[in-house]
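Peer 1: Each position in the sequence shown, counted from 1, maps to that position plus 1143 in my numbering.
For each residue, glycine too, the CB sits at the ideal point set by N, CA and C.
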Amino acid sequence: MASITQKSISSRISLPTRTSRVRVCRPVASSGKVDIKKQGLESVEDPTIQNNLKGRSRFMKSKEWVDSQGRKGKGYGVYRFEDKYGANVDGYSPIYTPDQWSDSGDSYKLGTKGLIAWAGLVVVLLGVGVTLVISTSAIGQ
């Protein structure tokens, strides 16, 4: 019975049809070569660290390298299009550059705003803890 009513309802409804569709082509990114020297990674003297920051591997560039499962490499490197576009994503958009490194890595200076933020966090956590203890114990009743 339900199938009969559906047929009769669907036969009465007519939807407009589209005859043409507009195609819009938007460029996602530019395909220019990236100048890595502007990123500040060339100031690192150690070539291993420099390659790690740029996302490169000297072993993966050769076709003789073998991965941990025993498969032979193809010689593309870490990023296949490094020669075409200039760098891997780590090279042109690094997480941090040597310009952002501190002179002494042993200490981190928060400043007054950082101390206020930490004190506020400690006070809030202690307040939430005390509230939970009081609300779930016999003291709060």
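Let me know if Arg1201 comes out buried or exposed under the rule of 16 or more other beta-carbons within 10 Å of its beta-carbon.
Peer 2: Locating residue 1201 in the sequence shown gives position 58, counting from the first residue. So Arg1201 counts as exposed.
Peer 1: Which class does Lys1215 belong to by DSSP, given the choice of helix, strand or coil?
Peer 2: Numbered from its first residue, the sequence shown carries residue 1215 at position 72. Strand.
Peer 1: What residue range does the alpha helix (DSSP H) around Ile1277 cover?
Peer 2: Indexing the sequence shown from 1 puts residue 1277 at position 134. Its alpha helix (DSSP H) spans residues 1254–1278.
Peer 1: In chain order, what residues of the same chain lie with their CB nearer than 8 Å to the CB of Asn1194, ignoring the 5 residues before and after it?
Peer 2: For the purposes of this step, residue 1194 is taken as residue 51 along the sequence shown, with counting starting at 1. Correct list, in chain order: Ser1200, Arg1201.
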